[in-house]
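Novice:
Number of protein chains: 4
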Amino acid sequence: MSNTFGTIFRVTTFGESHGPAIGCIVDGCPAGLEFDLEYIQHELDRRRPGQSNIVTQRKESDTVQVLSGVFQGKTLGTPIAFLIKNEDQKAADYDHLSDVFRPGHGDYTWFVKYGHRDHRGGGRSSARETAARVAAGALAKLLLKSQGVEIQGYVSQVGDLTVNKPYTELDMENIETNEVRCPDPQLAQQMIERIKEVRKAGDSLGGVVSAIIKGCPPGLGQPVFDRLEADLAKAMLSINASKGFDIGSGFAGTRMLGSQHNDILLANGSSGTESAGFNTQTNHSGGTLGGISNGMDIYFRVAFKPVSTIMQDQESVNSAGEKVVVKGKGRHDPCVLPRAVPIVEAMTALVLADHLLRARLDQL
Amino acid sequence: MSNTFGTIFRVTTFGESHGPAIGCIVDGCPAGLEFDLEYIQHELDRRRPGQSNIVTQRKESDTVQVLSGVFQGKTLGTPIAFLIKNEDQKAADYDHLSDVFRPGHGDYTWFVKYGHRDHRGGGRSSARETAARVAAGALAKLLLKSQGVEIQGYVSQVGDLTVNKPYTELDMENIETNEVRCPDPQLAQQMIERIKEVRKAGDSLGGVVSAIIKGCPPGLGQPVFDRLEADLAKAMLSINASKGFDIGSGFAGTRMLGSQHNDILLANGSSGTESAGFNTQTNHSGGTLGGISNGMDIYFRVAFKPVSTIMQDQESVNSAGEKVVVKGKGRHDPCVLPRAVPIVEAMTALVLADHLLRARLDQL
Amino acid sequence: MSNTFGTIFRVTTFGESHGPAIGCIVDGCPAGLEFDLEYIQHELDRRRPGQSNIVTQRKESDTVQVLSGVFQGKTLGTPIAFLIKNEDQKAADYDHLSDVFRPGHGDYTWFVKYGHRDHRGGGRSSARETAARVAAGALAKLLLKSQGVEIQGYVSQVGDLTVNKPYTELDMENIETNEVRCPDPQLAQQMIERIKEVRKAGDSLGGVVSAIIKGCPPGLGQPVFDRLEADLAKAMLSINASKGFDIGSGFAGTRMLGSQHNDILLANGSSGTESAGFNTQTNHSGGTLGGISNGMDIYFRVAFKPVSTIMQDQESVNSAGEKVVVKGKGRHDPCVLPRAVPIVEAMTALVLADHLLRARLDQL
Amino acid sequence: MSNTFGTIFRVTTFGESHGPAIGCIVDGCPAGLEFDLEYIQHELDRRRPGQSNIVTQRKESDTVQVLSGVFQGKTLGTPIAFLIKNEDQKAADYDHLSDVFRPGHGDYTWFVKYGHRDHRGGGRSSARETAARVAAGALAKLLLKSQGVEIQGYVSQVGDLTVNKPYTELDMENIETNEVRCPDPQLAQQMIERIKEVRKAGDSLGGVVSAIIKGCPPGLGQPVFDRLEADLAKAMLSINASKGFDIGSGFAGTRMLGSQHNDILLANGSSGTESAGFNTQTNHSGGTLGGISNGMDIYFRVAFKPVSTIMQDQESVNSAGEKVVVKGKGRHDPCVLPRAVPIVEAMTALVLADHLLRARLDQL
């Protein structure tokens with residue numbers, strides 16, 4: 204009962220890694236939105252396995268089919284169903300794991316929760332599930348674009364290689380020019396090298412994805428519980444391997460004084476960052492105040508742990524509680540960060556599309 | 204439409220800072236729970252203004268009344284309504300703010316969202332609203348205690364004063380022995396001094412609250428969207444002034460290698476941390492894997508920005524977009540951290556009580 | 204977890220018959236609605252016990268207090284809490300029922316469900332709970348009135364005394380002129396006589412409430428599950444003692460042919476019933492097609508069983524399964540129909556206010 | 204945002220009549236349920252077009268595929284996706300209707316609501332959508348059967364041909380032995396003759412489906428709003444062409460006295476109807492009291508209007524409001540009642556499966 208996300212713009216996903224297909228239904232997309240299937244496929248391609256030589260080599264075309272909800276190029280207001288077939292399944296790769304709990308994975312927790320599980324490729328706990336989110340998120344992005352809202356994610360850290368500049372000093376045009384999706388080209392090369400080294404050692408890396416939302420109108424977010432940052436935090440922590448979220452000044456801002464942190468509102472006619480509402484001199488808040496967008500850029504960071512699957516032998520247990528050794532094999536990402544970028548964007552888009560619609564209900 | 208939190212154990216809150224009362228309805232609390240009003244009042248007292256000389260001096264007894272849902276000392280399975288009257292309102296303190304947007308506050312965003320607002324004490328955006336959460340959270344704690352689950356929060360950072368030891372090396376008995384709720388007595392004294400200095404300067408401080416959950420059974424959390432850490436993240440980011448959340452190794456863990464980060468599962472009979480499920484050698488995951496609790500301790504951190512209300516003049520704008528100067532006056536916390544501890548605990552309890560009940564539905 | 208009604212305009216109620224108070228929180232009412240407390244009290248007075256000599260003589264003023272969500276005469280967009288104190292409790296009247304299950308009541312079912320129950324006056328299962336619905340419904344009516352939608356309920360049957368004319372031939376001005384709320388003055392007198400006779404015999408009567416919605420814009424209702432008539436049906440069957448619902452031609456229409464039943468759409472400029480959409484020649488559909496309002500009057504009927512509490516001895520059982528005799532005593536309605544009218548209207552208003560807001564989300 | 208039904212056991216459906224496919228996702232089905240695909244297909248076959256010569260001759264095999272949620276013959280606790288391809292589409296049959304609003308159909312209301320619509324076969328408003336409900340409902344039936352709950356629907360009225368005996372005097376074995384699904388063999392033949400006559404005249408018929416639930420444990424239903432009968436009423440009124448619902452004594456019971464209507468509870472050891480709770484001497488309540496099942500049989504009736512599509516010329520309007528004549532053509536049911544039986548059962552099963560799970564949350 205937790206495979207649905209959103210309150211108005213709602214996506215419900217399904218599918219196991221090694222079942223026949225994965226997909227989702229989007230309910231609550233308004234009628235009359237221009238439907239751009241090519242764009243949706245393009246977003247899926249950004250998440251696709253095998254897209255470069257620093258990601259998993261599982262061969263999935265991730266071709267998306269639309270089964271409903273669109274007529275004559277526009278959404279109907281009815282549910283939009285997306286279907287993505289699983290093509291390159293190697294279930295036999297997982298035979299040795301049918302009764303073993305891998306360290307760092309949800310094998311044990313899924314088993315204890317449900318009493319039995321599909322061990323093949325992690326079943327439903329596989330990151331493959333996120334393809335459905337990306338399809339739905341791409342639709343949400345189309346809705347947001349029609350209202351002038353744009354979302355941009357990028358890799359800001361891999362291991363201890365960190366982009367140290369604020370996002371306003373980065374050239375976002377560079378992001379899709381390198382395999383790791385980092386806007387700093389020199390650092391991107393270092394990250395790629397690091398990933399290759401670590402892969403060669405049979406190990407894995409973590410890092411941080413940053414995201415920027417531009418053009419968000421003031422007034423989005425529903426206090427007291429569905430604050431915009433609260434829903435973003437939930438969305439981000441619902442992504443596999445994520446361990447943290449902060450917005451605006453975030454954890455670093457906890458060391459500032461109030462007199463430094465407060466963003467001064469600028470009177471009409473003042474120069475400053477362009478905003479849909481009142482500009483502020485600084486943007487430590489990260490674009491929300493009181494849980495509601497203020498029209499400034501929204502920016503936040505998402506922490507990803509190093510990938511749990513490594514190509515090394517590890518001690519563990521089986522369902523009888525006996526000591527076993529888990530062999531590292533199969534096809535995996537040594538670092539999920541590059542492919543996490545479109546997933547972070549997709550989840551961001553789902554949150555914003557939902558709140559954009561919810562804000563229609565605020566006033567009489 | 205966002206004043207309800209939870210899916211099964213659900214709390215709906217109401218109330219403005221300067222209206223007649225605040226309160227909440229808890230729906231979904233099972234019948235048969237021993238109801239301990241004294242305990243609930245005790246939790247409210249931990250959040251109460253005026254409890255020490257480093258917090259706001261607003262005088263509220265925060266006496267809670269129970270209007271329904273309890274009979275002969277036990278819950279009925281019907282909604283439990285809590286009412287807390289507002290007593291020490293000084294609405295006139297806010298007259299000068301009726302048409303002014305304070306920096307760092309939600310004044311502007313609430314105005315643009317709803318078209319008009321109760322400016323007195325922040326209205327609904329006041330942290331006073333969290334008293335209702337603490338009442339509901341205390342009830343959730345009673346439910347959790349009956350199942351052996353305990354939650355403990357503490358202040359782990361004020362400004363740049365930071366508890367550097369892992370929680371396992373701290374003596375939690377110390378927390379309630381000092382006004383700042385820090386388990387390290389020396390550091391606690393430094394924090395208190397720092398808060399007093401900063402208050403004297405008319406400024407404010409931020410910091411971090413850490414929380415530990417002990418005794419959580421394995422199997423809580425509902426993938427794929429309502430992962431336990433996702434719901435905790437949302438809960439924490441729904442608290443006023445919070446800017447970040449991380450769990451387990453969190454942001455720091457992004458710099459580790461997979462071979463370091465993976466928590467090795469221990470076979471039956473191994474020594475190690477006591478756990479309701481299989482123990483692990485380390486606990487970088489922070490007690491959840493694949494979005495589901497694994498029986499180890501759950502621990503996480505919440506970032507709070509420095510308080511926006513400062514006793515200094517600040518530039519800002521009014522609703523006409525004209526430059527104004529906002530005077531700092533009124534009664535406020537120079538640092539919310541000490542009072543944030545019971546709020547973090549309450550929101551944690553609401554998440555866990557909900558997931559404890561949801562887990563009853565996992566298997567046939 | 205079922206004390207909340209609605210998806211956007213949401214009411215959550217609380218309270219037992221013999222606890223300190225009953226009430227509710229309305230979340231999702233848009234900001235900027237003119238708040239008319241006098242009107243809300245007036246609606247409560249229509250439901251109030253003791254309003255005439257054919258209803259229960261329990262003495263409750265049902266004075267409603269507003270605790271939040273309103274400022275300077277307008278709604279704030281925040282939750283609106285209503286509180287109604289219980290005044291005339293005679294708990295001792297129920298001592299003999301603490302371990303007995305009354306025929307026709309929920310005593311046994313509540314007991315088996317929750318394991319213990321508040322037996323005083325039925326506790327939460329008392330129709331007293333509907334006062335909170337009427338308060339929330341009155342607010343919904345204010346919202347609807349601001350958009351030109353009006354709801355009118357009336358008693359169309361008591362026992363076998365039935366209004367045989369279609370509603371279009373009745374003078375609705377007569378409804379509030381008699382104690383039974385029937386628009387046919389002669390029949391109203393007969394109904395009142397019948398109720399008095401039956402009361403004297405210690406027995407009770409059932410009947411039917413009819414309701415008409417005028418001015419409903421076309422386009423309300425959310426196929427496929429939240430069809431307008433589906434949500435109305437649920438609303439009506441959620442009222443104590445209701446046993447049936449039909450809309451438009453209803454059960455009687457099942458005997459017609461399609462060629463008779465189809466309502467012919469009239470071209471622009473045709474005479475006919477006034478409608479916000481296209482008029483139809485007849486209105487067998489009752490104002491909805493495909494689950495969506497078509498702009499014609501919406502009309503439906505709700506069946507109420509005879510009141511379960513009668514002033515006669517009845518056989519029954521206690522919780523040990525032993526035979527007992529239940530004495531009839533206490534203060535009760537011999538016929539709920541007159542007081543059911545404002546409840547039916549309130550629940551109708553809650554459904555329509557919700558759908559009016561939901562319809563804002565239909566198109567881009 | 205209304206294509207999801209249920210709170211715990213939740214189905215989300217998609218699909219237009221003339222799109223590539225229809226289907227649904229069931230979320231919230233517990234893990235460990237034996238999955239019987241053959242049974243699910245059998246239920247779909249009972250709803251299938253072309254199953255006899257008194258229903259529509261559209262040729263759909265309605266073969267269901269399962270895309271997820273099942274492993275090694277058991278449910279996984281993850282979403283179960285069902286896919287049914289549309290095979291026999293004759294979109295050209297509807298070309299003449301692209302700009303015309305048919306009487307009795309949702310053509311106009313869908314158009315005004317969404318601004319554009321898929322006119323082919325009614326698009327999403329087609330009863331074809333109910334195939335997805337039947338698939339999900341069959342899964343719910345499997346869950347219910349595992350707990351001893353059985354649901355049986357039958358046709359109790361076609362036009363004015365009515366089964367006059369109470370259900371307890373009927374032989375339910377007869378239902379599936381005739382094309383109209385009426386347990387009275389003589390009346391079934393008359394109904395079939397009537398349907399054929401009316402079809403020959405290009406007209407259509409309405410009627411009533413009755414349903415019985417046996418083996419329902421006491422304690423299901425969630426007062427105050429999600430009373431068992433309230434959720435059943437909503438479920439039934441969400442079915443195309445339904446116009447009414449009553450339970451137990453229903454509309455007829457409104458004419459009884461309380462002393463006649465009250466069902467006397469029988470002491471342990473009394474003879475009487477077999478029940479999971481206390482037996483009652485009569486069952487006018489229809490198996491629920493206070494919104495909660497009492498363990499007796501639950502029985503109710505659903506009214507269906509005569510089919511709107513008739514093979515006759517009818518006046519109507521186009522989107523410009525001009526008078527047009529709608530020709531009757533295409534493949535349709537002259538009477539939906541026989542095929543409505545499995546749909547009523549499916550919706551009943553969805554309600555009960557949901558409440559069976561919800562009842563796990565009632566007590567500590």
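Protein chains in written order, with our numbering: chain S, 204 to 567; chain R, 204 to 567; chain B, 204 to 567; chain X, 204 to 567. Ideal placement from N, C-alpha and C gives every residue a C-beta, glycine not left out. Predicted, not measured: the structure shown is a model, and the values here were computed from it.
(1) Take Ala-294 (chain R) as the anchor and find which of R:Ala-335, R:Gly-326, R:Gln-268 has the nearest alpha-carbon.
(2) Within 10 angstroms of its Cβ, does Thr-266 (chain R) collect 16 or more other Cβ (buried), or is it exposed?
(3) Using a Cβ-Cβ cutoff of less than 6 Å, which residues in the same chain neighbour Thr-365 (chain S) once the five nearest sequence positions on both sides are dropped?
(4) Please confirm whether Ser-349 (chain R) has its beta-carbon closer than 8 Å to some beta-carbon of chain D.
(5) Interface residues of chain X around Asn-497 (chain B) at Cβ under 9 Å?
(6) Below 8 Å between beta carbons is the criterion; list the residues of the region 222-249 of chain S that meet it against any residue of chain B, in chain order.
(7) Just by C-beta distance, which residues in the region 287-299 of chain B are closer than 8 Å to chain X?
(8) Given 8 Å as the limit, is there contact between the region 507-519 of chain S and the region 212-225 of chain S, that is, 3 or more CB pairs closer than that?
(9) For Glu-525 (chain R), would you say it is in contact with chain S, using Cβ-to-Cβ distances shorter than 8 Å as the test?
(10) Taking DSSP as the reference, what is the three-state secondary structure of Thr-485 (chain X)?
(11) Taking the straight line between their C-alpha atoms, what separation do you get for Gly-475 (chain R) and Ile-467 (chain R)?
(12) Looking only at DSSP bridge pairs, what is Tyr-357 (chain R) linked to?
(13) Looking at the C-beta of Asp-434 (chain R), does it have a partner C-beta in chain S at a distance below 8 Å?
(14) Assuming Ile-570 (chain R) contacts Pro-541 (chain R) (C-beta within less than 8 Å), just tell me the rounded distance between them.
(15) In the DSSP assignment, find the unbroken alpha helix (DSSP H) run with Phe-448 (chain B) in it and report its ends.
(16) Counting beta carbon pairs with one atom in the region 370-384 of chain X and one in the region 348-359 of chain X, are three or more of them shorter than 8 Å?
(17) Hey, is Ile-378 (chain R)'s beta-carbon within less than 8 Å of any beta-carbon in chain S?
(18) Going by other Cβ atoms of all chains shown within 10 Å of its Cβ, with 16 needed for buried, is Val-539 (chain R) buried or exposed?
(19) Note down, in chain order, every chain S residue with its Cβ under 8 Å from the Cβ of Gln-566 (chain B).
(20) Determine which residues of the region 547-563 of chain S have a Cβ less than 7 Å from any Cβ of chain B, and write them out in chain order.
(21) Return the residue from the list S:Ser-441, S:Ile-378, S:Pro-233 that minimises the CA-CA distance to Gln-350 (chain S).
(22) Step through the CB atoms of chain X and report whether any lies within less than 8 Å of the CB of Ile-283 (chain R).
(23) Would the beta-carbon of Gly-422 (chain X) fall within 8 Å of that of Gly-494 (chain X)?
(24) DSSP three-state call for Ile-442 (chain B): helix, strand or coil?
(25) So, for Ala-562 (chain B): in the same chain, excluding its five sequence neighbours on each side, which residues have a beta-carbon less than 6 Å away from its beta-carbon?
(26) Determine, using beta carbons only, whether Glu-518 (chain S) comes closer than 8 Å to chain R.
(27) Could you tell me how far apart the beta carbons of Glu-353 (chain X) and Gly-418 (chain X) are, in whole angstroms, since I believe they sit closer than 8 Å?
(28) Any C-beta of chain X sitting closer than 8 Å to the C-beta of Thr-476 (chain B)?
(29) Compute the Euclidean distance between the alpha carbons of Gly-235 (chain X) and Ala-335 (chain B), then round it to the nearest angstrom.
(30) Excluding the five sequence neighbours on either side, which residues of its own chain have a C-beta within less than 7 Å of the C-beta of Gly-456 (chain R), listed in chain order?
(31) Since Arg-402 (chain S) meets chain R, which of its residues come closer than 7 Å, beta carbon to beta carbon?
(32) Going by beta carbon distance, what residues of the same chain come within less than 7 Å of Asp-557 (chain X), once the five residues before and after it are set aside?
(33) Looking at the C-beta of Thr-457 (chain S), does it have a partner C-beta in chain X at a distance below 8 Å?
(34) Does the separation of the CB atoms of Phe-507 (chain B) and Ala-549 (chain B) fall below 8 Å?
(35) Measuring only the C-alpha atoms, how far is Lys-277 (chain X) from Ser-413 (chain B)?
(36) Just mark Ala-523 (chain R) as buried or exposed, buried being the case when its beta carbon has 16 or more other beta carbons within 10 Å.
Specialist: In short:
(1) Here the closest residue by C-alpha is R:Gly-326.
(2) Counting Cβ neighbours within 10 Å, Thr-266 (chain R) comes out exposed, since fewer than 16 surround it.
(3) Answer for Thr-365 (chain S): no residue qualifies.
(4) Here chain D cannot be found, since the structure's protein chains are S, R, B and X.
(5) Chain X residues near Asn-497 (chain B): Gly-309, Tyr-311, Thr-312, Val-315.
(6) For chain B, the residues of the region 222-249 of chain S that bring a beta carbon within less than 8 Å of one of its beta carbons are Gly-231, Pro-233, Ala-234, Gly-235, Leu-236, in chain order.
(7) Cβ contacts with chain X come from no residue of the region 287-299 of chain B.
(8) Contact check between the region 507-519 of chain S and the region 212-225 of chain S: fewer than three CB pairs, one atom from each, fall below 8 Å, which does not count as touching.
(9) Chain S, which has a Cβ nearer than 8 Å to the Cβ of Glu-525 (chain R), makes this yes.
(10) It is coil, neither helix nor strand.
(11) Caution is warranted here: a pLDDT of 48 is assigned to Gly-475 (chain R), below 50, making its placement in the model unreliable, and no coordinate value can be reported.
(12) According to DSSP, Tyr-357 (chain R) shares a beta bridge with R:Ser-413.
(13) Output row for Asp-434 (chain R): interface = yes.
(14) Because chain R in this structure spans residues 204 to 567, residue 570 (chain R) falls outside the shown range and cannot be described.
(15) Here Phe-448 (chain B) belongs to no alpha helix (DSSP H); instead the beta strand (DSSP E) covers 445-450.
(16) Using a Cβ-Cβ distance cut-off of 8 Å, the region 348-359 of chain X and the region 370-384 of chain X are in contact, since at least three pairs of beta carbons, one from each stretch, lie closer than that value.
(17) No, no contact with chain S.
(18) Residue burial is scored here from C-beta neighbours: Val-539 (chain R) has at least 16 other C-beta atoms within 10 angstroms and is therefore classed as buried.
(19) Within 8 Å Cβ-Cβ: Pro-233, Ala-234, Gly-235, Gly-280.
(20) Under the 7 Å Cβ criterion, the region 547-563 of chain S contributes Leu-560, Arg-563.
(21) Taking Gln-350 (chain S) as reference, the option from S:Ser-441, S:Ile-378, S:Pro-233 with the minimal CA-CA separation is S:Pro-233.
(22) No, no contact with chain X.
(23) Result no, Cβ atoms of Gly-422 (chain X) and Gly-494 (chain X) do not sit closer than 8 Å.
(24) The DSSP-derived three-state label of Ile-442 (chain B) is coil.
(25) In its chain, beyond the 5 residues on either side, Gly-422, Leu-423 have a beta carbon closer than 6 Å to the beta carbon of Ala-562 (chain B).
(26) It does; some Cβ of chain R falls within 8 Å.
(27) Gly-418 (chain X) and Glu-353 (chain X) do touch by the CB rule: their CB atoms are close to 6 Å apart, below 8 Å.
(28) Residue placement at Thr-476 (chain B) cannot be trusted, given a pLDDT of 42 that sits under 50; what the coordinates show is reported in the next sentence. Judged by the 8 Å Cβ criterion, Thr-476 (chain B) is not in contact with chain X.
(29) Take the alpha-carbon of Gly-235 (chain X) and the one of Ala-335 (chain B): they are about 42 Å apart.
(30) The answer, listed in chain order, is His-464, His-487.
(31) Chain R residues near Arg-402 (chain S): none, gap ~11 Å exceeds 7 Å.
(32) Contacts found: Gly-209, Thr-210, Ile-211, Phe-212.
(33) Thr-457 (chain S) does not count as touching chain X.
(34) Going by C-beta atoms, Phe-507 (chain B) is not nearer than 8 Å to Ala-549 (chain B).
(35) Rounded to whole angstroms, Lys-277 (chain X) to Ser-413 (chain B) spans 48 Å at the Cα level.
(36) With fewer than 16 other Cβ atoms within 10 Å, it is exposed.
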